[in-house]
Amino acid sequence: MPETVQVKFYFDIASPFSYIGLERLFRHEKAWKLSIELCPIHLATIIMSSENFPPFSSSSLKQKYMVMDIKRSAQELHIPFNLQLVTGLPASSFDNMAILKALKTFLPQEAFSQVIRELYATCFGNTTLPDDIFIHLNSTHIPQDVLDKAKLAAQTEGFRLAFEKEHADLVNNHGAFGLPWIIVQKPGDNHFEYFWGVFISCGQRNPTYGPCVGSERMSSIAHWLGPSYEYNSKLETEA
């Protein structure tokens with residue numbers, strides 16, 4: 001296997017598509033030798049800045065299908081998903097994502113990734129997403145003093161201005177219009193490739209949820225990386 005592949009994964013904790021995509025990506029982490037940097041970002045700001053539309057603001061038939069597809073993928077991945085999805089923009093807040101952005105600076109990359117995966121599982125394991133997502137975090141996830149430091153840091157004017165600038169940069173210079181937004185860099189290559197993804201897979205179709213449509217971002221990433229990177233759905237379904 002070649003050298004480490006650098007991946008930046010932009011997500012909003014309220015985005016179910018980010019949740020599915022994150023889990024699929026991490027289950028290829030070792031096989032593809034990925035270094036995955038999780039980057040908190042506010043979905044509503046990205047959508048409005050790019051003049052896009054909220055994912056669940058389309059036709060009722062499409063909304064129904066998207067909910068079905070998300071639940072199908074969660075079942076395939078064996079991850080908790082009980083959240084009742086609603087139309088319009090997700091219930092996340094800029095403040096929540098700013099705190100997660102600040103928290104990232106206080107934790108090693110691996111520890112931060114673990115916190116995010118546990119937070120996703122807990123949040124989406126419930127039927128509703130609370131205004132304060134941090135009620136789901138406790139001392140087993142992260143020390144309270146570290147979380148308090150992150151909350152204080154996220155309130156400073158300099159931090160918030162920098163976070164707002166990051167949104168503008170992601171839209172204007174990297175073409176983002178939704179989440180998850182994935183930036184991949186091959187070893188020894190200065191080129192960045194962008195992937196936006198629903199990450200829906202039909203590898204093990206569940207007849208309860210019916211037909212499949214859509215594209216599979218993991219196989220697209222594998223194809224772009226080259227022949228040494230084989231997409232294997234079993235890495236996901238057997239994890």
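Position 179 of the sequence shown, counting from 1, maps to 179 under UniProt numbering, and the rest follow consecutively.
Glycine is no exception: its CB is placed at the ideal position from the N, C-alpha and C atoms.
Drop a sphere of 10 angstroms on the beta-carbon of residue i, count the other beta-carbons inside from all chains shown, and report buried for 16 or more, exposed for fewer.
i       : result
Ala-150 : buried
His-174 : exposed
Asp-169 : exposed
Asp-131 : exposed
Tyr-194 : exposed
Lys-30  : exposed
Ile-47  : buried
Phe-124 : buried
Asn-190 : exposed
Glu-23  : buried
His-78  : exposed
Phe-192 : exposed
How would you write the range of the alpha helix (DSSP H) that residue i sits in, first residue to last?
i       : result
Glu-166 : 157-174
His-223 : 217-225
Lys-101 : 94-106
Gln-109 : 109-125
Phe-17  : 16-26
Tyr-65  : 60-77
Restricting to Cα atoms, I'd like to know which of the options is closest to residue i.
i       : options                            : result
Leu-235 : Ser-15, Trp-32, Ser-18             : Trp-32
Phe-163 : Asn-138, Leu-100, Ser-15, Leu-107  : Leu-100
Arg-217 : Pro-54, Val-184, Asn-190           : Val-184
Gly-53  : Asn-232, Gly-178, Ser-220, Ile-182 : It is worth fixing the name first, because residue 53 is Phe in this sequence and not Gly. Nearest of Asn-232, Gly-178, Ser-220, Ile-182 to Phe-53, Cα basis: Gly-178.
Val-171 : Leu-43, Met-66, Ala-14             : Leu-43
Ser-15  : Val-67, Leu-34, Ser-49, Ser-60     : Val-67
Asp-95  : Thr-45, Gln-63, Leu-61, Ser-73     : Thr-45
Trp-181 : Pro-80, Ser-73, Arg-117, Gly-197   : Gly-197
Gln-75  : Glu-118, Ile-20, Lys-62            : Ile-20
Ser-50  : Lys-62, Phe-192, Ala-176           : Ala-176
Excluding sequence positions up to five away, which residues of its chain have a Cβ less than 8 Å from the Cβ of residue i?
i       : result
Gly-188 : Glu-3
Val-115 : Leu-103, Leu-107, Leu-137, His-141, Ile-142
Arg-117 : Leu-22, Glu-23, Phe-26
Ignore the nearest five residues each way along the sequence and tell me which others in residue i's own chain have a CB closer than 7 Å to its CB.
i       : result
Lys-186 : Val-5, Leu-225
Gln-84  : Thr-127, Thr-128
Asp-12  : Ser-18, Ile-41, His-42, Leu-43, Pro-90, Ser-92, Met-97, Leu-179
State the beta-bridge partners of residue i as determined by DSSP.
i       : result
Leu-38  : Phe-9
Ile-182 : Phe-9, Phe-195
Please go through the same chain and pick out, in chain order, the residues whose beta-carbon is closer than 6 Å to the beta-carbon of residue i, but skip the five residues on each side of it.
i       : result
Tyr-229 : Trp-32, Ala-222
Thr-122 : His-136
Tyr-231 : Met-218, Ser-219, Ala-222
Lys-8   : Glu-37, Cys-39, Ile-183
Should residue i be listed as close to the ligand MN, given that the test is whether its C-beta is under 7 Å from any heavy atom?
i       : result
Ser-219 : Only the bare structure without any ligand can be found here, which leaves the ligand MN out of the picture.
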